[in-house]
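Taking the numbering used here, the leading residue of the sequence shown gets 63, the next gets one more, and so forth. To keep things clear, I will list the structure first and then write my remarks on it.
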Amino acid sequence: MKYFTSTRKRRRVGRQEWIARLVYKDEATGVKKEKSKSAGSQAEAKRIEKELEREFLAGGQIAVESHEMSIGALLEHCLKTRYYEAEYDSEGRKKGGVRGKDTIDSHIKTLAGFFGAVKDKEGPEGVYVGGMKVREIRVGSLRACRKFLLKDRSIATANRIMSTLRAILNEAMINDWIIVNPFSKVKAGELISIADERERETILTPAEEQKLLEACSGDTRRHLRALVIAALDTGARQGELFGLRWVDVNFDEGVITNITSYKAKTVQHREVPLTGRLKAALQELKEKRCVSAFRVRRKTGIKPDEDLVFGISTNVQRSWQAAREDAGLEHVRFHDLRHTAATRLARKMQLALVGQVLGHTDPKTTRRYVNRTRQTINQAATILEEWQEEQKSVLKGEQSEIDMEVVH
């Protein structure tokens, strides 16, 4: 990037001052720009000149113009330096980027809309520009943002978006574009309240499962039916199933040999069982591919990889929503299928082993997945009542012994 620095003496009425200058070209327009600061002596001006040069070399135009930085420029910086698609080394360790980029992109789009940033139609495609100045974002701005998010979003979703905003403002503070992150000025839980999130405990009953599978029948939803069965019978995450390839399915040995997870610090691989009904569903899918799943995508113009088992690369939102409505199960999330699998496994399998099947590295996570069903609650009540009856018998026996001693 072309630039140059200089110092010069300037006479004022009754005094002299020195000026340190940085001259550079605007990255977008090519127009020459300048940043200058005054100093009381030549030595001080030289020091400021070096500071301007270091600032420019370290952070470029954004750093130099930080006092005028818009939220659009900050969002664009974060997209380029932090929120790009995750990259891994040869051993599966993450080198940089984020795993859930689609989610982060959605958060940033929402934040850009609230703070007034727009897509630059004249500049490079997809570049955010303008909006509120970063240094003008105050605690009141954050409270207004949270209120805006809660109008049509759950508390959990609002918390995730506010967490992304906090990270973005931390990035600005790390780069000295703001002095303090306004999130640090509010008490814990005011802007991001995890405690207010309601834990979902949706476990499908056999009847509900049957309704859902019936709603997935038909040629256009055969891939969804197989996907639902895979989630219920393996406990795999939605993203893990999306990435499943035919080479990973071993019909002879009845196992899926490679479920790949990016949840841990390193890429994890595990095997999961291939139940009878899942094996049948996958074999049917392999013999007769679902045409609707492998059609060319309207937005991207890309056809899914033929090696993918389900022909899905991003989501099944429309078909999943339609199937839920047809089954009368609008409250069920796809992730609830994983909870259902965990709860069913825990009835006959040790919790630690359930965690291995699900791909958990922390046993605490598995405990959260194994939900308290009505059967479990009734069983707990029975155990407690039996214990209470035993204690009554013990106390009754002790009282009889005391009475006998008194008589004697």
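Here a beta-carbon is modelled for each residue, glycine too, at the ideal position from N, C-alpha and C.
Pair within 8 Å by beta-carbon distance, residue i and residue j
{"i": "Asp398", "j": "Thr264", "result": "yes"}
{"i": "Ala385", "j": "Arg299", "result": "no"}
{"i": "Lys163", "j": "Tyr150", "result": "no"}
{"i": "Val311", "j": "Leu344", "result": "yes"}
{"i": "His169", "j": "Arg116", "result": "no"}
{"i": "Gly202", "j": "Ala174", "result": "no"}
{"i": "Glu270", "j": "Leu407", "result": "no"}
{"i": "Leu306", "j": "Phe372", "result": "yes"}
{"i": "Lys249", "j": "Trp308", "result": "no"}
{"i": "Thr69", "j": "Ala107", "result": "yes"}
Residue i: first and last residue of the uninterrupted alpha helix (DSSP H) it sits in
{"i": "Pro268", "result": "268 to 277"}
{"i": "Gly122", "result": "104 to 126"}
{"i": "Val201", "result": "201 to 211"}
{"i": "Ser255", "result": "From DSSP, Ser255 is part of no alpha helix (DSSP H); its letter is neither H nor E."}
{"i": "Glu153", "result": "Neither: Glu153 is in no alpha helix (DSSP H) and is coded neither H nor E."}
{"i": "Ser168", "result": "163 to 177"}
Outcome for residue i when other beta-carbon atoms lying within 10 angstroms are tallied against a minimum of 16
{"i": "Ser455", "result": "exposed"}
{"i": "Glu138", "result": "buried"}
{"i": "Phe66", "result": "exposed"}
{"i": "Ile439", "result": "In this predicted model, Ile439 has a pLDDT of only 46, less than 50, meaning its place in the structure is not dependable enough to derive any value."}
{"i": "Gly178", "result": "exposed"}
{"i": "Leu119", "result": "exposed"}
{"i": "Glu111", "result": "buried"}
{"i": "Thr405", "result": "buried"}
{"i": "Ile236", "result": "exposed"}
{"i": "Ser279", "result": "exposed"}
{"i": "Ile321", "result": "buried"}
{"i": "Thr267", "result": "exposed"}
Identity of the residue in the options nearest residue i by Cα
{"i": "Arg208", "options": "Val248, Lys181, Ile254, Ile236", "result": "Ile254"}
{"i": "Gln78", "options": "Ser103, Ala206, Ala277", "result": "Ser103"}
{"i": "Arg205", "options": "Tyr190, Asn232, Gly251", "result": "Gly251"}
{"i": "Lys157", "options": "Met194, Thr143, Thr165", "result": "Thr143"}
{"i": "Glu147", "options": "Thr165, Met131, Glu153", "result": "Thr165"}
{"i": "Lys181", "options": "Ser132, Leu227, Glu113, Leu336", "result": "Ser132"}
{"i": "Leu286", "options": "Glu333, Asn320, Leu340", "result": "Leu340"}
N-terminal and C-terminal residue of the beta strand (DSSP E) that residue i is part of
{"i": "Val85", "result": "77 to 87"}
{"i": "Val334", "result": "330 to 335"}
{"i": "Arg73", "result": "65 to 74"}
Chain B within 8 Å of residue i, Cβ atoms only
{"i": "Phe245", "result": "Of the protein chains in the structure, only one exists, and it is not chain B."}
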